[in-house]
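Structure first, commentary second.
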Amino acid sequence: MNESTLIKNILTMVKARRQAGAAIKAIKNWGGQYTEAGTPDIFICADGRLFAVEAKVGKGKTSPIQDRRLVEWKDAGAVVGVVRSVADVEELLDR
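Residue numbers (this note's numbering): 21 to 115.
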């Protein structure tokens with residue numbers, strides 16, 4: 021599985037939870053010239069909590085700028101995580 025497939029699967033899971041009545045919403049960060057380098061791949065808001073999620077597959081590692089951005093989001097109060105599966109995201113959301 022590649023990263024884009026993982027991200028699509030995560031967004032599908034969030035949509036299914038929303039359709040089942042959960043208070044949850046997610047958005048994929050597409051990046052670009054106006055987006056800060058290292059910004060997490062997905063932002064999820066669930067039950068008033070913000071999650072900043074960096075998706076990685078296989079042995080992929082976060083870059084130093086991605087690590088820095090995750091710390092910044094955590095310091096601002098978000099729950100952050102590097103995930104490798106939909107199950108990882110579900111675990112993060114259910115903590």
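Yeah, the Cβ is synthetic: ideal placement off N, Cα and C, and Gly gets one too.
Note that this is a predicted model, so its numbers are computed, not measured.
Tell me whether the beta-carbon of GLU110 lies closer than 8 Å to the beta-carbon of ALA75.
-> For the purposes of this step, residue 110 is taken as residue 90 along the sequence shown, with counting starting at 1. For the purposes of this step, residue 75 is taken as residue 55 along the sequence shown, with counting starting at 1. In this structure, ALA75 does not lie closer than 8 Å to GLU110 by Cβ.
Below 8 Å between beta carbons: does that hold for MET21 and VAL77?
-> Within the sequence shown, numbered from 1, the residue matching residue 21 stands at position 1. Within the sequence shown, numbered from 1, the residue matching residue 77 stands at position 57. Yes.
Have a look at ARG69 and ARG115 and give me their C-alpha separation to the nearest angstrom.
-> In the sequence shown, the residue the question calls residue 69 occupies position 49. In the sequence shown, the residue the question calls residue 115 occupies position 95. Roughly 11 Å between the two C-alpha positions.
For LYS81, which of helix, strand or coil comes out of DSSP?
-> What you label residue 81 is simply residue 61 of the sequence shown in a count that begins at 1. The answer is coil: DSSP assigns LYS81 none of H, G, I, E or B.
Find the nearest neighbour of GLY80 within the set ILE62, VAL103, ALA96, ALA46, judged by alpha-carbon distance.
-> Mapped onto the sequence shown, residue 80 falls at position 60. Measuring from the Cα of GLY80, the nearest candidate turns out to be VAL103.
GLY58 and SER83: beta carbons closer than 8 Å?
-> Residue mapping note: residue 58 aligns to position 38 of the sequence shown, counting from 1. Residue mapping note: residue 83 aligns to position 63 of the sequence shown, counting from 1. Contact flag set, yes.
Mind checking whether ILE62 and LYS48 have CB atoms under 8 Å apart?
-> Your numbering for residue 62 matches position 42 in the sequence shown. Your numbering for residue 48 matches position 28 in the sequence shown. Contact flag set, yes.
GLU56 - containing beta strand (DSSP E), residue span | Residue numbering aside, residue 56 sits at position 36 when the sequence shown is read from its first letter. Run containing GLU56: none; DSSP gives neither H nor E here.
As assigned by DSSP and simplified to three states, the class of ARG69 = Start at 1 with the first residue of the sequence shown, and residue 69 comes out as number 49. If DSSP states are grouped into helix, strand and coil, ARG69 belongs with the strands.
Tell me, to the nearest whole angstrom, how far the beta carbon of ALA66 is from that of LEU113; I am working on the premise that it is less than 8 Å.
-> Position 46 of the sequence shown, counting from 1, holds the residue named residue 66. Position 93 of the sequence shown, counting from 1, holds the residue named residue 113. So it is a contact: roughly 6 Å between Cβ atoms.
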